[in-house]
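Enquirer:
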């Protein structure tokens, strides 16, 4: 399949797999040994005895949301939503993640813990289409995520022509571009550059690969990149949301590079699932991103949704998705940021 044949608007690569039960196991799950106690089980069941909390858990399974966003979806007061979030957190369903002055909530990943709540959550999602207000809540949540994406896309459309200069003033890419090359295989047929921007990394990637596909959600960034590589048959471009890549890309990449991209995405964990789908078996995934920081100016001035990441969180997401993390390096920058550089291998998984 030629990369030129890829079309837009298709179903996500990491498509939802429908529930299939097995005889003798109504939930489709093998019997589990649980190391907790009966109080934890009762607490979890009680937490989901309320319709509002079931709805909250379902929408947070789509993407992490802050309190204000949850109130917008459910059209309820903030104090009421905060109380329900606390109950779900105390029962082991949710974890909170502070991003400057905002607090986001997301579910615990099944596989990271054997908590009864995690297994109950997984079972609940197998019947999500039958949950209260399912279609309404899904539509509203997608609307909020679309607003995030439009805000990010507008920012990058506005700065496309000057992005390399703007980026260098905050964090010089020279700091990590050579390290990316050192982690990639010597010879690849095809590398995907996620969030390629105006194409600054692509000349480096061409020293390691016969072909590079640059992917970005900003039409103007793609336009700038195309102008840089006119008549270069080794380089192709695709305008696409990184969290919803076309199915035609499945198993097409030898390596994928995500350089300073994840902190702009509504759902970084979902983007990792997309990467897992487009990579060939034993393919290489390189992540370069900011370590957790408290510089809210990055949200205000550079459209950062997440103020960096703890390496443990990225590792959890990668391993749960089906990657084996091979190395993690922290690099000091010329300013107040630390840069995380992670190499992972696709090992099967979801």
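Residue numbers (the numbering used here): 46 to 395. C-beta: ideal position from N, C-alpha, C; glycine also. This one's a predicted model, so the numbers in the text were calculated from it and none came from an experiment.
(1) On the CB-based measure, 16 or more other CB atoms within 10 Å of its CB, does residue 203 come out buried or exposed?
(2) If you reduce the DSSP assignment to three classes, tell me which class residue 126 lands in.
(3) Return no unless some Cβ of chain D is closer than 8 Å to the Cβ of residue 276.
(4) On a CA-only basis, which of 181, 201 and 99 is nearest residue 346? Give me that one, please.
(5) Quick one, which of 370, 326, 231 and 221 has its alpha-carbon nearest residue 295's?
(6) Kindly list the residues whose CB is nearer than 6 Å to the CB of residue 284, restricted to its own chain and excluding five residues on each side of it in sequence; keep chain order.
(7) Which runs of the alpha helix (DSSP H), 4 residues or longer, sit entirely within the stretch 225–285?
(8) Taking residue 324 as part of the beta strand (DSSP E), name the residues at either end of that continuous run.
(9) Within its chain, find whatever has a CB closer than 7 Å to the CB of residue 133; leave out the 5 residues flanking it on each side and keep chain order.
(10) Quick check: the Cα distance between residue 369 and residue 320, rounded to an integer number of angstroms?
(11) With contact counted as at least three CB pairs below 8 Å, one residue from each stretch, are the stretch 224–241 and the stretch 289–304 in contact?
(12) Which residue comes first and which comes last in the beta strand (DSSP E) that contains residue 212?
(13) Using only alpha-carbon positions, find the residue among 341, 344 and 354 that is nearest to residue 332.
(14) Return helix, strand or coil for residue 136, following the three-state DSSP convention.
(15) Just verifying my parser: in three-state terms, what is the DSSP assignment at residue 153?
(16) In angstroms, rounded to a whole number, what distance separates the CA positions of residue 69 and residue 168?
(17) Going by CA-CA distance only, name the one from 359, 392, 380 and 349 that's closest to residue 145.
(18) Does the beta-carbon of residue 307 have 16 or more other beta-carbons within 10 angstroms, so that it is buried, or is it exposed?
(19) Taking 8 Å as the cut-off, does the stretch 245–260 touch the stretch 273–292 (at least 3 CB pairs, one atom from each stretch)?
(20) Going by C-alpha to C-alpha distance, which of 384, 361 and 113 sits closest to residue 189?
(21) DSSP three-state call for residue 355: helix, strand or coil?
(22) Counting Cβ pairs, one atom from each stretch, are 3 or more of them under 8 Å apart for the stretch 120–131 and the stretch 190–200?
(23) Go through its chain and collect everything with a Cβ distance to residue 181's Cβ below 8 Å, but skip five positions before and after it.
Expert: So, from the listed chains and residues:
(1) That one is exposed.
(2) helix
(3) As a matter of chain content, chain D is missing from the structure shown, which is built from one protein chain.
(4) 201
(5) Comparing alpha-carbon positions, the option among 370, 326, 231 and 221 lying closest to residue 295 turns out to be 326.
(6) Cβ within range, chain order: 264 and 267.
(7) 247–250 and 264–273
(8) 324–335
(9) 92, 98, 101, 102 and 139
(10) Residue 369 and residue 320: Cα-Cα distance of roughly 13 Å.
(11) Counting Cβ pairs under 8 Å, three or more are found: they touch.
(12) Segment 208–215 is the alpha helix (DSSP H) holding residue 212; no beta strand (DSSP E) there.
(13) Looking at the Cα atoms, 354 is the closest of the given residues.
(14) coil
(15) coil
(16) Residue placement at residue 69 is poorly supported in this model, since its pLDDT is 43, which falls under 50; the coordinates are not used for a value here.
(17) 349
(18) buried
(19) Flag = yes, the stretch 273–292 and the stretch 245–260 touch.
(20) 113
(21) Here residue 355 sits in coil by DSSP.
(22) Contact fails: fewer than three Cβ-Cβ distances are below 8 Å.
(23) none
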